[in-house]
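Working notes, beginning with the structure itself.
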Amino acid sequence: DSGVTQTPKHLITATGQRVTLRCSPRSGDLSVYWYQQSLDQGLQFLIQYYNGEERAKGNILERFSAQQFPDLHSELNLSSLELGDSALYFCASSPSRDPRTNEQFFGPGTRLTVL
Amino acid sequence: ELKVEQNPLFLSMQEGKNYTIYCNYSTTSDRLYWYRQDPGKSLESLFVLLSNGAVKQEGRLMASLDTKARLSTLHITAAVHDLSATYFCAVAPNTGNQFYFGTGTSLTVIP
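Dropping the structure here:
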């Protein structure tokens, strides 16, 4: 158990819908990262937040957005869902006391299925 | 964009044998990470390599980093069935902290 929690574990929805994935980082970690894992694209970085502010953006679609709240939990919002958005979405957090080491601890993931 | 290549993609090996997984990356970085993923599970951190020549060992696994060659290796010694999993390398660019992952190596250890 990494200490990172994600809810829900599984999500099944229809095309065109909108969903919200939630992540709570390890206690004390200020950085949160979102990654998408799919069979065709592999593991891809989506977005990073640090202490409430967006820090880096990767291959995140315009239909996707995220935020980090004052209590440091983060939410990833996916809208106008398409079949190709079906994937495993991971959240990771890293300690702030040693930013160079940047070891990232991954949550259990949310498996999204779009029908 | 930073590219990370891993090979082989699939590896089937007998128990007791040795093998090496390779991870090449495309741009300057001196931070490389190895993770293990079991089917349907999350990623478990194995090694953090932070400088040229870094070598770390844990049990039957040993990882090394050559930043000049932009190459990391994960060496498996005397494989056992419990090592069956998918192994990923990830690289953080010098300009940021996000990870760029390799394609993964699916390892199956056969009794």
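These protein sequence lines map, in sequence, to chains Y and F.
The opening residue of the first sequence carries number 19 in the numbering used here; numbering runs sequentially from there.
The opening residue of the second sequence carries number 5 in the numbering used here; numbering runs sequentially from there.
Glycine residues also receive a C-beta, built at the ideal position from the N, C-alpha and C atoms.
Nearest-angstrom beta carbon gap, residue j and residue i [assumed within contact, 8 Å]
i, j, result
"F:H79", "F:V113", "Between F:V113 and F:H79 the Cβ distance is about 14 Å, and since that is not below 8 Å, they are no contact."
"F:V52", "Y:T119", "6 Å"
"F:A54", "F:R35", "In the sequence on display, residue 54 of chain F carries Leu and not Ala. About 6 Å; that satisfies the 8 Å criterion."
"Y:G70", "F:S46", "The Cβ separation is near 25 Å, so there is no contact."
"Y:T128", "Y:L29", "6 Å"
"Y:V22", "Y:S111", "5 Å"
"F:V95", "F:S33", "5 Å"
Paired residues, beta bridge with residue i - DSSP
i, result
"Y:V132", "Y:T31"
"F:K7", "According to DSSP, F:K7 bridges with nothing at all."
"Y:N39", "Looking at the sequence provided, one finds Leu at residue 39 of chain Y rather than Asn. According to DSSP, which records beta bridges pairwise, Y:L39 is partnered with Y:L94."
"Y:S56", "Y:G60"
"F:L87", "Paired residue(s): none; F:L87 is not in a bridge."
"F:S110", "F:F14, F:T90"
"F:F105", "F:A94"
"Y:T136", "What the structure shows of chain Y is the stretch from 19 to 133, and residue 136 of chain Y is not part of that stretch, so it cannot be assessed."
Contact under 8 Å by Cβ, residue i with residue j
i, j, result
"Y:G76", "Y:L61", "no"
"F:N98", "Y:S49", "no"
"Y:G34", "Y:S98", "yes"
"Y:L130", "Y:S92", "no"
"Y:L106", "Y:Q55", "yes"
"F:S68", "Y:F123", "no"
"F:T77", "F:T24", "yes"
"F:A82", "F:G20", "yes"
"Y:Q66", "Y:Y53", "no"
"Y:L101", "Y:V132", "yes"
task: Can you check the stretch 71-127 of chain Y for any beta strand (DSSP E) of at least 3 residues that lies completely inside it and give the ranges in chain order?
output: 71-75, 82-86, 92-96, 105-112
query: Taking one C-beta from the stretch 82-95 of chain Y and one from the stretch 58-66 of chain F each time, how about it: are there three or more such pairs within less than 8 Å?
result: no
task: Answer yes if the stretch 29-45 of chain Y comes into contact with the stretch 7-16 of chain F, meaning at least three C-beta pairs across the two stretches below 8 Å, and no otherwise.
output: no
- prompt: For the stretch 17-80 of chain F, which segments carrying the alpha helix (DSSP H) assignment without a break, of at least 4 residues, lie completely within its bounds, in sequence order?
  reply: none
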